[in-house]
Every structure is written in structure tokens, then in C-alpha cells.
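For the sequence shown, the residue numbers in UniProt numbering are 1 to 495. Everything below concerns the one structure shown next.
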Amino acid sequence: MIDYTLNKIIERVFSNYLDSSSKRALEQDIKIHLVNSYERFRLTKNLLFRNEPIDFYSNYLPLTLKGDNNFIRIKNPIEIIDNFHKTVILGKAGSGKTTLLKYILLKSIDNSNIIPIYLELRNFVSEKNNFEKFVCDILSENYSNEIKKLFNSGKFLFLFDGFDEINYTQGRDTIEQIQKFITKYSKNKFIITSRPGTNVESLDQFRIYEIAPLNVNDVSLYIERLELSNHKKEIFYNSIRQDSNFEQYLSTPLFLSIYINYIVSQNELNIPKNKSIFFRNIIDTLFSKHDSISKLGYVRNKLSGLNKDELEYVSILLAFRALITSKHMFTKDNLITELELIKRNQKIEFENEKLIYDLTITVNILVLSTDYYSFPHILLLEYLASLFISRLPNNTKQSFYGKILKNNQIQLSPSLLNFLYELDKQAFLKGFLIPVMEDYNFSYSNGHLEMIVDEFIKFNFKTNNKSISRNSLLNEFYRMVKMEDDNELGELFSM
């Protein structure tokens, strides 16, 4: 169908302008581009399939778009193309924005009477090129002027991927050029993807949609499509049934893929206890791996000038501050105040605006929603805060755990205790859990503590689904602490 559409457009636009040979050459250039795009996206790799490409459709998970007053399930993208002229699709890191555009391109080439042109905006450098020429040259370097005439036909669908990946230093010029291009060729259809926080919403005439979180049915559909053994599927479903927090967290294709990868590597049917390994994978993926896998080695420039380790350190400090102040959402002024505090105390140099851009856009460890910044999920905040606590000097840790016991302002949860137990077992047992278990009538001012600790213990310390007695647990904790102390001494005196 696309061949017929392309031939028909060229014949109509150039009936009295180009000779037959030139028309065939122009048509051939565009066909080559479309075929190359189709072949490039028809097979895909991702975090689950890194070594061998698989069929795109066998791995595609239909997404849902959320508008102001409606939800649209993207089962047939042709309906979206037919009904919406100009669309912005927002989504956080790993939500499936690029995959959705590839799906639209493949379906358009297969079944549409419109010609799709996929562009990665990060590849455009305004200092070296003009945006209109950049787009034309993608289709044909020999017939740039003729391509412009074709654009006036209104038969093209422009898929602009990664508005958030525009070079920050040349952003204004690039955005102005894109806006001019859209205005000049407004008869065509446009879909632009971006992470939130780039002001892409200000583009005139565009409807704004956001990729909705995955739901339970989405997750089940994706699992059933994967070529996993029934045993591996059962491991995954067991993990979801036993831990509702993780069901909430598997809200993007990226995090779902990480979790599947993590779960299927286990052999037991019981859910793996060590959640911090999973969240370590999430942090590594957000900070470096995701773009390099999904975008052929592309690495986002860090505007702040901080390296990966420094960005991670700022993130865990910010998460710790959010935890101890019970401030899980920041206004921009609040966030700048916290960053200034970090700069003063940690002697790290950065410009606040550039660091905020890195945290929200480059690595997406923060999300911006209705003028408030927050971590994507409370579990991620708790993991990062626990990571910070685990790296404190021993005397500072003990002081911190003592404050937790006496201060009911810090919002504890079973998941936070679980992270502390995994990442900081020795200090956590000494400074928190053993004192709590030794005084199980709780003379502490935090009355909520008993319920939180009970839930933590029930989840982590069972044998054959039976709870262990308090005295048995205490003896086990004493033994674990003594063993760690002995190991530390042995390490200190090893030659």
C-alpha cells in the first residue's frame, strides 16, 4: 500500500515538473529509506533479549495513552493517526515511548496511506545544519527541493523521537527550527515523544497525552508472550502474588523487563528475598544502561558535569533528606534548598538548574508532575536512603538508629526495614532490631513501630510458613552479630 501511496503522491505533485527518470529516482530514494527503517525496527533487542534480535511484534506490549479526560489503548495505531493531527506523547524513562513510535512506523508502512518518517532528534545539531535540510536529506540528498514540495502534499507522518534529548546548549535554536518546520508543513501529521519537564507541552496545536502505567493485565499479557518455561512463569507470578509493592512498581516496560530478568534467574518458586539487587539494577539502568541498549550506544551528556558516581551520590543524599524530613515531594524552591545544603556539606560543585535537568531528564531519577519533584516510587526512595545510611561511619549509624527508635517523625515501613537489613545488616541488628526485640512491649514514643517490625519479621523470618518465636529470633540475631564481629576482626588482622 505504501508503494502505491508514494507513487501516487509523486505523480500528482510532479506531473509537469520532473521527467520520468527523475521521478523514479526520487521514488527509489524514499523507498530505500522506508525499507531500511522497516528492516531496522522489524527485529529488536532489549534488556531481556540483548544477544539475539527477536521479532518486534512478538515482544510488543500494547500501551495506553492518558489524556485529560480519556484513555486510549494503542491496539491499532492507524486509528490514532487518522484521528489526531498533532500529538505529544509524554513518558518517563523506560515507559515505551520509542517502542511506540517504532510500532506506529511499522504499522504505517504495512497498512497506511500515509508515509511515516522517523527522526531521532538527538541526531540533529543546529550548529552544523538546518532542521528542514536535515529532514529532507534523510529521505534523499539528491532531491532536497523536491522533497520539500512533497511535504506540502500533507501525506507524511513525522515521528519525532526524544524531544528531551535535544542538546541543552543549543535547545532554543533547535526548538525554534522544529516549530518553524511544523508550521510550514502543518498539513502533515506529527507525533513527538519526550520525558516530562522539557516544556514540549507549550508547542502550539498539539494534544498532550501521557503513557499510562502498566496494569496487572498488561503484565500478564507480556509474560504470556515471552518464551519462558512454565516453571519460570510460575516463579514470576509467585513473586507478584507475595509482594503487592512490586506489582505497583512494575509500571513501565523497562522496570518490568528488569524484574523479569531478575526473577527468572532464580530457581526457587519462592520470591527472592534480596530486593536490593533488583533496585541496584534499576539504578544502574537509569544512570547508564537503558539508553545504551535501546539507542545503539547513545550516552546522554550530563549537563551538570557530574559523573555517574557523583550523580548517584547526590541522589542518595536527596533520598535520605526526603526520608528524614518526611518530604516526599519537593517544590522547585524546596529542591534548590536541598541541593544547596548538599553542596555546602559535601563540597560538590554544580549549577542547580543543570543538575535538576540531569536528575529529571538525563537520568530520570526524579519526576516532575504538576510543579512538584519526586522519586518515581517510594520503594526507590527507600532503597536510595538505605544505601546512604549503609555507607555512614559506624558511630553515625548507631546514632541514627537510636533516633529512629525515639523519633516518630520518620516514616518507617516494612520495605525500608527490609532494605536496611539487606544493605546494613550488622549495624541495623545492633542499633535497631535487637533493641526493639529486647523490649517488645515498646516503651518507645513511636507506637506505630510494633506493627511495622511485626510485618517485617513475618515476611523475612519464617520456616515452613510458621513464625519463629521472639526468643529464637533474638538468639539468631545475637549469633549473626557475633559472627560478623569475628569476621571483621579476622579481616583486620589478615596479612
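Glycine is no exception: its CB is placed at the ideal position from the N, C-alpha and C atoms.
Please classify Phe461 as buried or exposed, where buried requires at least 16 other C-beta atoms within 10 Å of its C-beta.
Position 461 of the sequence shown, counted from the first residue, corresponds to residue 461. It counts as exposed.
Beta-carbon separation (whole angstroms), Ile191 vs Ile115, contact threshold 8 Å
Along the sequence shown, read from residue 1 onward, the residue named residue 191 stands at position 191. Along the sequence shown, read from residue 1 onward, the residue named residue 115 stands at position 115. That belief does not hold up - the Cβ atoms of Ile191 and Ile115 are roughly 14 Å apart, past 8 Å.
Suppose contacts are defined by Cβ-Cβ distances below 9 Å. Is Thr98 in contact with Tyr209 by that definition?
Taking the first residue of the sequence shown as position 1, residue 98 is located at position 98. Taking the first residue of the sequence shown as position 1, residue 209 is located at position 209. It is not a contact, given that the beta carbons lie outside the stated cut-off.
Per DSSP, what kind of secondary structure is Pro376 in: helix, strand or coil?
Taking the sequence shown and counting its residues from 1, the one referred to as residue 376 is at position 376. Reduced to three states, the DSSP call for Pro376 is coil.
Quick check on Tyr60: does DSSP put it in helix, strand or coil?
In the sequence shown, the residue the question calls residue 60 occupies position 60. Coil.
I'd like to know whether the C-beta of Lys102 is nearer than 9 Å to at least one C-beta of chain C.
Here there is only one protein chain, and chain C is not present.
Quick check on the DSSP output: the beta strand (DSSP E) that includes Glu39 runs from which residue to which?
Here residue 39 corresponds to residue number 39 of the sequence shown, with the count starting at 1. Run containing Glu39: none in the beta strand (DSSP E); it sits in the alpha helix (DSSP H), Ser20 to Arg42.
Looking only at its chain, what residues have a beta carbon closer than 6 Å to the beta carbon of Ser386, apart from the 5 residues adjacent to it on each side?
In the sequence shown, residue 386 corresponds to position 386, counting from 1. Hits under 6 Å: Phe419, Leu420 and Leu423.
Taking the runs of the beta strand (DSSP E) that are 3 residues or longer, which of them lie wholly in the UniProt domain "NACHT" (85-197)?
86-90, 115-120, 156-161 and 189-194
Cβ separation of residue 497 and Leu150, assumed to be a contact under 8 Å, to the nearest whole Å:
Any property of residue 497 remains undetermined from this structure, which presents the chain solely from 1 to 495.
Inspect the beta-carbon positions of Thr193 and Gly154 and report whether they are closer than 9 Å.
Taking the sequence shown and counting its residues from 1, one reaches residue 193 at position 193. Taking the sequence shown and counting its residues from 1, one reaches residue 154 at position 154. For Thr193 and Gly154, no; Cβs fall outside 9 Å.
Using the Cα positions of Phe375 and His328, report the straight-line distance between them to the nearest angstrom.
Indexing the sequence shown from 1 puts residue 375 at position 375. Indexing the sequence shown from 1 puts residue 328 at position 328. Those two C-alpha atoms are separated by around 8 Å.
With H, G and I counted as helix, E and B as strand and the rest as coil, what does DSSP make of Ile235?
Translated into the one-based positions of the sequence shown, residue 235 becomes position 235. Note: Ile235 maps to helix in three-state DSSP.
Taking the CB atoms as reference points, tell me whether Gln29 and Leu139 lie closer together than 9 Å.
For the purposes of this step, residue 29 is identified with residue 29 of the sequence shown, where counting begins at 1. For the purposes of this step, residue 139 is identified with residue 139 of the sequence shown, where counting begins at 1. The question names Gln, but residue 29 is Asp in the sequence shown. Yes; because the gap between Cβ atoms is below 9 Å, this pair is in contact.
How many angstroms separate the CA atom of Met451 from the CA atom of Lys102?
Walking along the sequence shown from the start, residue 451 turns up at place 451. Walking along the sequence shown from the start, residue 102 turns up at place 102. Rounded to whole angstroms, Met451 to Lys102 spans 48 Å at the Cα level.
Smallest Cα separation from Ile10: which of Leu106, Asn36 and Asn152?
Counting from 1 along the sequence shown, the entry for residue 10 is found at position 10. Nearest C-alpha to Ile10: Asn152.
What residues in its chain sit with their C-beta under 7 Å from that of Gly297, if we drop five residues either side in the sequence?
If you number the sequence shown from 1, residue 297 lands on position 297. Residue confidence is low: Gly297 scores 46 on pLDDT, short of 50, so the model does not pin down where it sits. No coordinate-derived value is stated.
Are Leu355 and Ser304 touching if we call contact CB-CB under 9 Å?
Residue mapping note: residue 355 aligns to position 355 of the sequence shown, counting from 1. Residue mapping note: residue 304 aligns to position 304 of the sequence shown, counting from 1. Cβ distance < 9 Å, so Leu355 and Ser304 count as in contact.
Find out if the Cβ-Cβ distance for the pair Lys107, Asn83 is shorter than 9 Å.
The sequence position of residue 107 within the sequence shown is 107, counting from 1. The sequence position of residue 83 within the sequence shown is 83, counting from 1. It is not a contact, given that the beta carbons lie outside the stated cut-off.
Tell me whether the beta-carbon of Asp164 lies closer than 9 Å to the beta-carbon of Thr198.
Indexing the sequence shown from 1 puts residue 164 at position 164. Indexing the sequence shown from 1 puts residue 198 at position 198. Their beta carbons are under 9 Å apart, which means Asp164 touches Thr198 by this criterion.
Which one or two residues does DSSP pair with Glu207 in a beta bridge?
Translated into positions along the sequence shown, residue 207 becomes position 207. The sequence as given places Arg at residue 207; Glu does not occur at that position. Its beta-bridge partners are Thr87.
So Gln205 packs on Phe131, CB below 8 Å; how close in whole Å?
Taking the sequence shown and counting its residues from 1, the one referred to as residue 205 is at position 205. Taking the sequence shown and counting its residues from 1, the one referred to as residue 131 is at position 131. Incorrect: roughly 18 Å between the Cβ atoms, too far for contact.
If you draw a straight line from the C-alpha of Asn59 to the C-alpha of Ile89, how long is it?
Locating residue 59 in the sequence shown gives position 59, counting from the first residue. Locating residue 89 in the sequence shown gives position 89, counting from the first residue. About 21 Å.
Consider the C-beta atom of Thr87 and the heavy atoms of the ligand COA; say whether any pair is separated by less than 8 Å.
The model on display carries no ligand, and the ligand COA is accordingly not part of it.
What does the alpha-carbon distance come out to for the pair Phe236 and Ile263?
Residue mapping note: residue 236 aligns to position 236 of the sequence shown, counting from 1. Residue mapping note: residue 263 aligns to position 263 of the sequence shown, counting from 1. Near 6 Å, if we compare the C-alpha coordinates of Ile263 and Phe236.
Beta-carbon proximity list for His377, same chain, < 6 Å, skipping 5 on both sides
Indexing the sequence shown from 1 puts residue 377 at position 377. Closer than 6 Å at the Cβ level, and outside the excluded window around His377, lie Tyr249.
Buried or exposed for Asn36, going by 16 or more other Cβ atoms inside 10 Å?
The residue given as residue 36 occupies position 36 in the sequence shown. By the neighbour-count rule (16 or more Cβ atoms within 10 Å), Asn36 is not buried but exposed.
Report the rounded CA-to-CA distance for Leu65 versus Leu323, giving the unit in angstroms.
In the sequence shown, the residue the question calls residue 65 occupies position 65. In the sequence shown, the residue the question calls residue 323 occupies position 323. Answer to the nearest angstrom: the Cα atoms are 32 Å apart.
Beta-ladder partner(s) of Ser369, from DSSP:
Reading the sequence shown from its first residue, position 369 is the one you call residue 369. The partner list for Ser369 (beta bridge, DSSP) reads Tyr372.
With 16 other CB atoms within 10 Å as the buried threshold, where does Asn395 fall?
Here residue 395 corresponds to residue number 395 of the sequence shown, with the count starting at 1. Flag for Asn395 reads exposed.
Under 9 Å between the Cβ atoms of Phe459 and Pro414?
For the purposes of this step, residue 459 is taken as the residue at position 459 of the sequence shown. For the purposes of this step, residue 414 is taken as the residue at position 414 of the sequence shown. Yes, they are a contact pair.
Do residue 567 and Ser251 have their C-beta atoms within less than 9 Å of each other?
This structure does not reach residue 567, given that the chain is present from 1 up to 495, and the question cannot be answered.
Name the DSSP beta bridge partners of Leu65, please?
Residue 65 sits at position 65 when you count from the first residue of the sequence shown. In DSSP, Leu65 forms a bridge with Ile72 and Ile211.
Span separating the alpha-carbon of Leu6 from that of Ile54:
As a first step, residue 6 must be located in the sequence shown, where it is residue number 6. As a first step, residue 54 must be located in the sequence shown, where it is residue number 54. Using only the alpha carbons, I get a separation of about 29 Å.
I'd like the span of the alpha helix (DSSP H) that includes Gly402, first residue to last.
Stepping through the sequence shown from its first residue, residue 402 is reached at position 402. That run of the alpha helix (DSSP H) goes Asn394 to Lys406.
Separation of Ile365 from Ile342, as counted between CA atoms
Within the sequence shown, the letter at position 342 stands for residue 342. Within the sequence shown, the letter at position 365 stands for residue 365. About 17 Å.
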